[in-house]
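Asker: Position 285 of the sequence shown, counted from 1, bears residue number 732 in the numbering used here, the numbering being contiguous throughout.
Cβ atoms here follow ideal geometry from the backbone N, Cα and C, with glycine treated the same way.
One structure follows; several queries about it will come next.
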Amino acid sequence: MKRRWMYVILATFFTVFFLYSCTSPTTTNSKEVTIVVDRTGVNRNATLILAQDGLNGDWEELKGSGGIYKFTVDDPNGVYSVAAVDDPNPDYEPQIQLFHSTLAEARTINLELWPDDTDFATLTVNVPAEYATENVSVFFLKHHAPNSWLEDSSTTVNIPKGKGTLVAIISDRDLWSPLKVYIKRDFNFQASGSLTISSSDLKDPAEEITGEITYSWLLDKTLVPGHLNWNMKIPEDVMNSSDKYMAEYLKWENDIFISWWKVTRDVPVTIKAGVKELEPATTTITATAVENNLPKITFSPYVSTISDYSTRYYNFDISKKVTIEDYTYPTETHTITLTPGYLEAAGNVYMFPDIDLASWEEYKPTADYVIQSLGICLSPNTIDEMNSLKLGSEWAIFYSYLD
Numbered sequence: 448m449k450r451r452w453m454y455v456i457l458a459t460f461f462t463v464f465f466l467y468s469c470t471s472p473t474t475t476n477s478k479e480v481t482i483v484v485d486r487t488g489v490n491r492n493a494t495l496i497l498a499q500d501g502l503n504g505d506w507e508e509l510k511g512s513g514g515i516y517k518f519t520v521d522d523p524n525g526v527y528s529v530a531a532v533d534d535p536n537p538d539y540e541p542q543i544q545l546f547h548s549t550l551a552e553a554r555t556i557n558l559e560l561w562p563d564d565t566d567f568a569t570l571t572v573n574v575p576a577e578y579a580t581e582n583v584s585v586f587f588l589k590h591h592a593p594n595s596w597l598e599d600s601s602t603t604v605n606i607p608k609g610k611g612t613l614v615a616i617i618s619d620r621d622l623w624s625p626l627k628v629y630i631k632r633d634f635n636f637q638a639s640g641s642l643t644i645s646s647s648d649l650k651d652p653a654e655e656i657t658g659e660i661t662y663s664w665l666l667d668k669t670l671v672p673g674h675l676n677w678n679m680k681i682p683e684d685v686m687n688s689s690d691k692y693m694a695e696y697l698k699w700e701n702d703i704f705i706s707w708w709k710v711t712r713d714v715p716v717t718i719k720a721g722v723k724e725l726e727p728a729t730t731t732i733t734a735t736a737v738e739n740n741l742p743k744i745t746f747s748p749y750v751s752t753i754s755d756y757s758t759r760y761y762n763f764d765i766s767k768k769v770t771i772e773d774y775t776y777p778t779e780t781h782t783i784t785l786t787p788g789y790l791e792a793a794g795n796v797y798m799f800p801d802i803d804l805a806s807w808e809e810y811k812p813t814a815d816y817v818i819q820s821l822g823i824c825l826s827p828n829t830i831d832e833m834n835s836l837k838l839g840s841e842w843a844i845f846y847s848y849l850d
């Protein structure tokens, strides 16, 4: 059971960051798709990005710059697909993600890929002497370095290179309670350096938001997770007009894992009716097979049970079986996200694409595959609105374990 839901947690982690990129460019070209490669807030190219126009068009390799790729979809129904590979280290398994959609459903794709050492630099943080032996948590872009011990008023953390809002929370080392909050806007960090925080820069913690929902801070491009900010409000005297909260509710039961999210400036919020009552969608995938040595998966489209929420996408992993001595276990190789519009165009049958490119050859999936769980996103908002964290947007993602 632990291993099963460890997988679900990791899948949920991916989906949350799929919905949040530090760079979500918009385009006025109604046929243009933008792909953003995001590495904990750093935009850097992937090993391989491929795209297909239509259901049966030829696959082509895209060229990107600074983690941004664009291509034009000419298919009359707006159907397209994207395949991404990141394979920088031969000692580790590659990250492989596929996204299938229509233009009407999504025109910006955020791909969360792993960063490496080149994406980070060292920041030495110096605090006032009265906090010389406390803890400090540092947040920058989508990276957090929680509870670093201060020694002689100083500590060193690794954070991603970039520009955005930096947040530091000083906390009591013994009581684990927040003491002071520091927020620095437009922090430009491109190489290792130091930051000295003065007493006048520190703000008192705001009140805690109680209840079953946690509230992350969204400050420009920086995410301060609710479980690491003591579920505090953003201090009013440093909160600006663009700052927001991301409310998060989680429910974990034997065969289902539910998460609900809402982007808001007003807290607390109320959980959307029907979210807590979601049930496992174990009959949404009705059959799995193999055709031409590639996975073939048949769907019965899920109908949302939540008022005003529509199905926005399905998410699942293809896993290969690994045997060590007498023990066989599945390990994920390909993450698939597809929208209802794409699935309808494909006759509700997902056929893993037969990509006839030499650069893809080593990344094909196994024919002896397993699908362990299915994620479904429900929302009144579009994928692009969720990707950009539009104020007021909300969504539920739930994962069902598949026997």
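(1) Is it right to say SER548 is buried, meaning 16 or more other beta carbons lie within 10 angstroms of its own, or is it exposed?
(2) Go to GLU508, then tell me how far its alpha helix (DSSP H) extends in each direction, as first and last residue.
(3) What are the boundary residues of the beta strand (DSSP E) that includes ASP564?
(4) On a CA-only basis, which of GLU552, GLY640, VAL572 and GLU654 is nearest THR786? Give me that one, please.
(5) What three-state label does DSSP hand TYR662 in the structure shown?
(6) If you draw a straight line from the C-alpha of TYR578 to the C-alpha of ILE617, how long is it?
(7) Terminal residues of the continuous alpha helix (DSSP H) containing GLY788?
(8) Buried or exposed: where does VAL750 fall if 16 or more other Cβ atoms within 10 Å of its Cβ makes it buried?
(9) Is TYR848 helix, strand or coil by DSSP?
(10) Nearest to LEU825 by alpha carbon, out of PHE799, SER706, GLY794 and PHE587?
(11) Hey, PRO856 and VAL489: beta-carbon distance below 8 Å or not?
(12) Could you tell me whether any Cβ in chain B is nearer than 8 Å to the Cβ of PRO672?
(13) Counting only the same chain and skipping the five closest in sequence on each side, list residues whose C-beta sits under 7 Å from that of THR778.
(14) Assuming MET833 is part of the alpha helix (DSSP H), what are its boundary residues?
(15) Taking C-beta to C-beta, are LYS631 and PRO682 nearer than 8 Å?
(16) Please name the residue, chosen from PHE763, ILE802 and LYS743, that lies closest to ALA793 on a Cα-to-Cα basis.
(17) Rounded to the nearest angstrom, what separates ALA653 and ALA568 at their Cα positions?
(18) Beta strand (DSSP E) containing LYS634: first to last residue?
(19) Could you check how far apart the C-beta atoms of PRO562 and ARG620 are, in whole angstroms? I think they sit under 8 Å.
(20) Have a look at ASN635 and PHE799 and give me their C-alpha separation to the nearest angstrom.
(21) Of the residues HIS674, LYS668 and ALA638, which one's Cα is nearest the Cα of TRP623?
(22) Taking LEU838 as the reference, give the member of LEU725, SER688, GLN819 and ALA728 with the closest Cα.
(23) Verify whether the separation of the beta carbon atoms of ASN594 and SER601 is less than 8 Å.
(24) Taking just the CA atoms, how far does THR643 sit from ASN573?
(25) As a quick exercise: from PHE704, LEU550 and MET693, pick the residue whose alpha carbon is nearest that of GLU479.
Answerer: Once the coordinates are examined:
(1) The count along the sequence shown starts at 1 and reaches residue 548 at position 101. Label assigned to SER548: buried.
(2) The residue given as residue 508 occupies position 61 in the sequence shown. Segment 506-508 is the beta strand (DSSP E) holding GLU508; no alpha helix (DSSP H) there.
(3) Here residue 564 is taken as the residue at index 117 of the sequence shown, counted from 1. Taken as a continuous stretch (DSSP letters only), ASP564 belongs to no beta strand (DSSP E), as it is neither H nor E.
(4) Here residue 786 corresponds to residue number 339 of the sequence shown, with the count starting at 1. Per the Cα distances, GLU552.
(5) Here residue 662 corresponds to residue number 215 of the sequence shown, with the count starting at 1. Three-state result, TYR662: strand.
(6) For this step, residue 578 is matched to residue 131 along the sequence shown. For this step, residue 617 is matched to residue 170 along the sequence shown. Using only the alpha carbons, I get a separation of about 8 Å.
(7) For this step, residue 788 is matched to residue 341 along the sequence shown. Run containing GLY788: 787-792, per the alpha helix (DSSP H) assignment.
(8) Against the sequence shown, residue 750 aligns to sequence position 303. By the neighbour-count rule (16 or more Cβ atoms within 10 Å), VAL750 is not buried but exposed.
(9) The count along the sequence shown starts at 1 and reaches residue 848 at position 401. Reduced to three states, the DSSP call for TYR848 is strand.
(10) Here residue 825 corresponds to residue number 378 of the sequence shown, with the count starting at 1. The shortest C-alpha separation from LEU825 is found at SER706.
(11) Given that the chain is displayed from residue 448 to residue 850, the structure contains no residue 856 and the question cannot be resolved.
(12) Structure shown: chain B not included; a single protein chain is present.
(13) Start at 1 with the first residue of the sequence shown, and residue 778 comes out as number 331. Correct list, in chain order: SER766, LYS767 and VAL769.
(14) As a position in the sequence shown, residue 833 is number 386, starting the count at 1. Element bounds for MET833: 830-834.
(15) Residue mapping note: residue 631 aligns to position 184 of the sequence shown, counting from 1. Residue mapping note: residue 682 aligns to position 235 of the sequence shown, counting from 1. Cβ distance not < 8 Å, so LYS631 and PRO682 don't count as in contact.
(16) If you number the sequence shown from 1, residue 793 lands on position 346. Among PHE763, ILE802 and LYS743, the Cα nearest to that of ALA793 belongs to LYS743.
(17) Residue numbering aside, residue 653 sits at position 206 when the sequence shown is read from its first letter. Residue numbering aside, residue 568 sits at position 121 when the sequence shown is read from its first letter. Near 30 Å, if we compare the C-alpha coordinates of ALA568 and ALA653.
(18) Locating residue 634 in the sequence shown gives position 187, where the first residue counts as 1. It is Phe, not Lys, that sits at residue 634 in the sequence shown. Taken as a continuous stretch (DSSP letters only), the beta strand (DSSP E) holding PHE634 covers 625-636.
(19) As a first step, residue 562 is located in the sequence shown; it is residue number 115 there, counting from the start. As a first step, residue 620 is located in the sequence shown; it is residue number 173 there, counting from the start. PRO562 to ARG620, Cβ: 29 Å. No contact.
(20) Translated into the one-based positions of the sequence shown, residue 635 becomes position 188. Translated into the one-based positions of the sequence shown, residue 799 becomes position 352. Distance between the alpha carbons of ASN635 and PHE799: 42 Å.
(21) In the sequence shown, residue 623 corresponds to position 176, counting from 1. Of HIS674, LYS668 and ALA638, the residue nearest in Cα terms is HIS674.
(22) By 1-based counting over the sequence shown, the position of residue 838 is 391. Here the closest residue by C-alpha is SER688.
(23) In the sequence shown, counting from the first residue as 1, residue 594 sits at position 147. In the sequence shown, counting from the first residue as 1, residue 601 sits at position 154. Contact: no.
(24) Here residue 573 refers to the residue found at position 126 when the sequence shown is read from its first residue. Here residue 643 refers to the residue found at position 196 when the sequence shown is read from its first residue. Their backbone Cα atoms lie some 5 Å apart in a straight line.
(25) Counting from one through the sequence shown, the residue named residue 479 turns up at place 32. It is LEU550.
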